[in-house]
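K.L.:
Have a look at this one.
Protein chains in written order, with our numbering: chain A, -7 to 74; chain B, -10 to 505.
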C-alpha cells in the first residue's frame, strides 16, 4: 500500500473511529453518509493534508467529490501533485 | 382562519392554495406541496390501516432528507405524535428513546440499520418499521415496509379521514439531553407549536417568497421549525445534510437563491475562516439567524461582509419552550452582546431565589411565560416539576429556564451563564452525566468526571478525567474509542486525562472546579 494511503487511513481510523481495526473503514466508505466526519472533522482532515501530506486545499475544493472517502482524498492528492 | 389550528392544517391549506408551488429542494431535486401532501397522506393511511391510534408516537430516524418531511406530516395526519432522533445516535441511546417514547412505528433508512436493528431487538412497543434505501432482510418478527411501496393515491378530501385531534393534543416529542444523563422528551402540543411558528415568522419578517436554507439536523428544534415555518407560509425550504462541506451548501444556496440562513457559532466561525482565505459573498440572503450559543460580537462585522443584504438576528432559547428572545436586527451594532427581548406574544422575568423580580442590571434566573412553553417532559413528572413552576400566576405553570440573566433598564436581556452543568460543544448540547455514564460503563474505569473547557473556535470542548481500576492499562485513545461506540460523535471527549485519583471533597464527591 502507498505510504500516503497508510498515513491517511491511520489518521481517520485513530481520530474519528478510535480504532486500529482496518476493517472498520473501507476505502470507498462515504465519511459524510457514515457520520465519520462532521464539519470540524473536515477542517482537521484539511490541516492533516496540508501539514502531513503536503497537499494544500483551496476553499472551493472542500467538496465531497474531493474529500468524502479515502479513495477520493487519494485521487485529489494525486491531481494536486501534478 | 380555522380555529384551534393543527400543524397539519397548514399543509392542507397550502396544498389547496398552490399545489404546484415548490415546498422543498433536496440536492437539486424539487418537490411540490402536492408531493408533500400526497406522500404524507400515503403514510398516514398506511399507519391508520395498520392500527396506529390517535396519540401514538412515530419515531423518525433519518438524516436530513425529503422523507423526514413526509414522515412528520404523515404521523400528524394519522393523529400521532412525531419524534425525530438524530441520525448519528447509536444503538443504546436509540433503544432508550424508542422505549421511553413507546413509539409504535419507526420511520428510518437502511443507512442507519446497523444502529436500529439491534435497538429494535430490545424493544417491546414497535409494531412496524417503514424505511427508505436498499432492501433490508427480515430480522426478528417485526414487519418491514418500504416508503416506495406506499401508494394509495389520496385526494384532498382524505385529509380529515384519519384523526379527530384537537389543538391540545401533543404534536411532537422533542428529545433533549439534561443534567441527569437520560434524554427527556419535551412534550409540545399543536397549540404551542402553531403559536411558536407564528411568533417566529412574525419577528423574522418572513413571507411566502422566503427560501430557507437548512442544513443543521432536523432532530434539533431550530431546524425542525424551519420546516414548520415554511409550510405555514407556503414558502420553500432548501435541505442540506450537514455543514461538513460548506461549499456544497453554498452551491445549493446560490442555485436556489436561498434568502434565509439559520446558523450557529461554529458555522459562522467556519465561514469567517473561509472568507479570510478567499473573500466571497452570499448576496441573496436577507435573513441570518444565530442560536445555540452566543454569537461573538467580533463576528458581526465579518458576517456583514459575507452577507451584505442580511438582517442579523441573535437569539436565545431552550428546547422546553423552543425560543425565548431575539434582538431586533437594527440594534445589532448598539446591543451586540444582548439577546434582546421576548418573542412576540410571550413574556420573560428575571427572578431571585425567592421568586421576586430582581432590580435592573442585577443577575437572576430567567423565567418564561407564553403559549410556547412545553406541556412537560414525557413520563418524567419529577423532572417536569423542576422546570414548570406553579403559584406565580393562578392555575398556570411558567418555565424556569435555569439560566442566569441580567435585564438592563430598557428591558434588554443579557445571558450570564448556565446554572446546570450542560456543555455546549460546537453548538450541541452535551450532558456531562451522559458522557460520565458512558465512561463508567467501560470495565477498568474507576472514577470519571467530565467538564467543558472554553475554546475560541468550538465554544467549549468536552474533556474527561478518569482514574482506573488497579491493573487496568486502558489508554486515553481506547477510552475515546469505547465512547464513540455509544455516544454521538460530538459528545466524545476531545481529551481524556488519566489520573491516579480525582480531586474530592471530604464527603467523597468529585470536585469539578479543581479540574481544568
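Backbone N, C-alpha and C define an ideal beta-carbon position, used for all residues, glycine too.
#1: Taking Cβ-Cβ distances below 9 Å as the criterion, which residues of the stretch 27 to 39 of chain A are in contact with chain B?
#2: Is residue 38 of chain B helix, strand or coil by DSSP?
#3: DSSP state of residue 175 of chain B, grouped into three classes?
#4: The stretch 4 to 25 of chain A: which residues have C-beta closer than 8 Å to a C-beta of chain B, in chain order?
#5: Whole angstroms are fine: how far does the CA of residue 257 of chain B sit from the CA of residue 292 of chain B?
#6: Are the stretch 97 to 116 of chain B and the stretch 36 to 56 of chain B touching, with three or more C-beta to C-beta distances below 8 Å?
#7: Are the beta-carbon atoms of residue 355 of chain B and residue 337 of chain B separated by less than 9 Å?
#8: Is there a Cβ of chain B sitting closer than 9 Å to that of residue 59 of chain A, yes or no?
#9: Do residue 456 of chain B and residue 411 of chain B come within 9 Å of each other at the CB atom, strictly closer than that value?
#10: Over the uninterrupted beta strand (DSSP E) stretch that includes residue 230 of chain B, give me the two end residues.
#11: Relative to the alpha-carbon of residue 20 of chain B, which residue among B:223, B:249, B:209, B:126 has its alpha-carbon at the smallest distance?
#12: Using 8 Å for Cβ pairs, my map puts residue 221 of chain B next to residue -1 of chain B. What's the rounded Cβ distance?
#13: Can the beta-carbon of residue 484 of chain B be found less than 9 Å from the beta-carbon of residue 450 of chain B?
#14: Hey, residue 402 of chain B and residue 478 of chain B: beta-carbon distance below 9 Å or not?
#15: Using 8 Å as the threshold, is the stretch 221 to 240 of chain B in touch with the stretch 6 to 14 of chain A, meaning 3 or more CB pairs across them?
#16: Name, please, each residue of chain E whose Cβ falls closer than 9 Å to the Cβ of residue 55 of chain A.
#17: Given residue 37 of chain A, which residues of its chain have a CB within under 7 Å of its CB, disregarding the five upstream and five downstream residues?
#18: Applying a beta-carbon distance threshold of less than 8 Å, which residues of chain B neighbour residue 52 of chain A?
#19: Residues of chain A with CB closer than 7 Å to the CB of residue 452 of chain B, please, in chain order.
#20: Please state the DSSP three-state secondary structure of residue 252 of chain B.
#21: Would you kindly work out how many angstroms separate the C-alpha atoms of residue 532 of chain B and residue 476 of chain B, rounded to a whole number?
#22: Keeping to the same chain, check which residues put their C-beta closer than 7 Å to that of residue 447 of chain B; ignore five residues upstream and five downstream.
#23: At a Cβ cut of 9 Å, what residues of the stretch 474 to 489 of chain B count as close to chain A, listed as they run along the chain?
#24: DSSP on residue -6 of chain B, reduced to helix/strand/coil?
#25: Among B:158, B:384, B:219, which has the Cα closest to the Cα of residue 10 of chain B?
#26: Between residue 45 of chain A and the rest of its own chain, which residues show a CB-CB distance below 8 Å, the 5 nearest in sequence each way excluded?
#27: Just by C-beta distance, which residues in the stretch 202 to 218 of chain B are closer than 7 Å to chain A?
#28: On the three-state DSSP scale, how would you describe residue 29 of chain B?
#29: Against residue 231 of chain B, what residues of chain A qualify as contacts under a CB-to-CB distance less than 8 Å, listed in chain order?
#30: Determine, using beta carbons only, whether residue 285 of chain B and residue 76 of chain B come nearer to each other than 9 Å.
#31: Would you say residue 415 of chain B reaches chain A, if we count a Cβ-Cβ gap shorter than 9 Å as a contact?
#32: Looking at the strands, I want to know which residues DSSP matches up with residue 95 of chain B.
#33: Between the Cα of residue 84 of chain B and the Cα atoms of B:108, B:474, B:66, which residue gives the shortest distance?
#34: Residue range of the alpha helix (DSSP H) that residue 443 of chain B falls in?
P.N.:
Reading from the atomic positions:
#1: 27, 28, 29, 30, 31, 32, 33, 34, 35
#2: Walking along the second chain from the start, residue 38 of chain B turns up at place 49. Helix at residue 38 of chain B.
#3: In the second chain, residue 175 of chain B corresponds to position 186, counting from 1. In the structure shown, residue 175 of chain B sits in a strand (DSSP, three-state: E or B).
#4: 6, 8, 9, 10, 11, 23, 24, 25
#5: Numbered from 1 along the second chain, position 303 holds the residue referred to as residue 292 of chain B. Numbered from 1 along the second chain, position 268 holds the residue referred to as residue 257 of chain B. Between residue 292 of chain B and residue 257 of chain B, the C-alpha separation is close to 8 Å.
#6: yes
#7: Residue 355 of chain B sits at position 366 when you count from the first residue of the second chain. Residue 337 of chain B sits at position 348 when you count from the first residue of the second chain. Cβ distance < 9 Å, so residue 355 of chain B and residue 337 of chain B count as in contact.
#8: Locating residue 59 of chain A in the first chain gives position 67, where the first residue counts as 1. By this cut-off, residue 59 of chain A is an interface position.
#9: Walking along the second chain from the start, residue 411 of chain B turns up at place 422. Walking along the second chain from the start, residue 456 of chain B turns up at place 467. At the C-beta level, residue 411 of chain B and residue 456 of chain B stay beyond 9 Å of one another.
#10: Residue mapping note: residue 230 of chain B aligns to position 241 of the second chain, counting from 1. Looking at the DSSP string, residue 230 of chain B is not in any beta strand (DSSP E), and its letter there is neither H nor E.
#11: Working through the second chain from its first residue, we reach residue 20 of chain B at position 31. Residue B:223 is the option with its Cα nearest to residue 20 of chain B.
#12: Indexing the second chain from 1 puts residue 221 of chain B at position 232. Indexing the second chain from 1 puts residue -1 of chain B at position 10. About 5 Å; that satisfies the 8 Å criterion.
#13: The sequence position of residue 484 of chain B within the second chain is 495, counting from 1. The sequence position of residue 450 of chain B within the second chain is 461, counting from 1. Yes. Within cutoff.
#14: As a working mapping, residue 402 of chain B is identified with position 413 in the second chain. As a working mapping, residue 478 of chain B is identified with position 489 in the second chain. No. Outside cutoff.
#15: no
#16: Within the model displayed, chain E is absent; protein chains A and B are what it includes.
#17: In the first chain, counting from the first residue as 1, residue 37 of chain A sits at position 45. Answer for residue 37 of chain A: 29, 59, listed in chain order.
#18: What you label residue 52 of chain A is simply residue 60 of the first chain in a count that begins at 1. Simply 236, 267.
#19: Translated into positions along the second chain, residue 452 of chain B becomes position 463. In chain order: nothing, as chain A lies at least about 15 Å away.
#20: Taking the first residue of the second chain as 1, we reach residue 252 of chain B at position 263. In the structure shown, residue 252 of chain B falls within a strand segment according to DSSP collapsed to helix, strand and coil.
#21: Here chain B comprises residues numbered -10 to 505, so residue 532 of chain B is not present and cannot be evaluated.
#22: Locating residue 447 of chain B in the second chain gives position 458, counting from the first residue. Excluding sequence neighbours, residue 447 of chain B sits near 255, 414, 415.
#23: 474, 477, 478, 479, 481
#24: For this step, residue -6 of chain B is matched to residue 5 along the second chain. Here residue -6 of chain B sits in coil by DSSP.
#25: What you label residue 10 of chain B is simply residue 21 of the second chain in a count that begins at 1. Of B:158, B:384, B:219, the residue nearest in Cα terms is B:219.
#26: Along the first chain, read from residue 1 onward, the residue named residue 45 of chain A stands at position 53. Cβ within range, chain order: -4, -1, 0, 69.
#27: none
#28: Here residue 29 of chain B is taken as the residue at index 40 of the second chain, counted from 1. In the structure shown, residue 29 of chain B sits in a helix (DSSP, three-state: H, G or I).
#29: By 1-based counting over the second chain, the position of residue 231 of chain B is 242. Those are 24, 30, 31, listed as they occur along chain A.
#30: The sequence position of residue 285 of chain B within the second chain is 296, counting from 1. The sequence position of residue 76 of chain B within the second chain is 87, counting from 1. No, the Cβ-Cβ distance between residue 285 of chain B and residue 76 of chain B is not below 9 Å.
#31: As a first step, residue 415 of chain B is located in the second chain; it is residue number 426 there, counting from the start. It does: the Cβ of residue 415 of chain B has a partner Cβ on chain A nearer than 9 Å.
#32: To locate residue 95 of chain B, count along the second chain from 1; it is residue 106. Looking at the DSSP assignment, residue 95 of chain B forms a beta bridge with B:48, B:118.
#33: Position 95 of the second chain holds residue 84 of chain B. Nearest to residue 84 of chain B by alpha-carbon distance, out of B:108, B:474, B:66, is B:108.
#34: Residue numbering aside, residue 443 of chain B sits at position 454 when the second chain is read from its first letter. Counting along the chain, residue 443 of chain B falls outside any alpha helix (DSSP H), though it belongs to the beta strand (DSSP E) covering 434 to 444.
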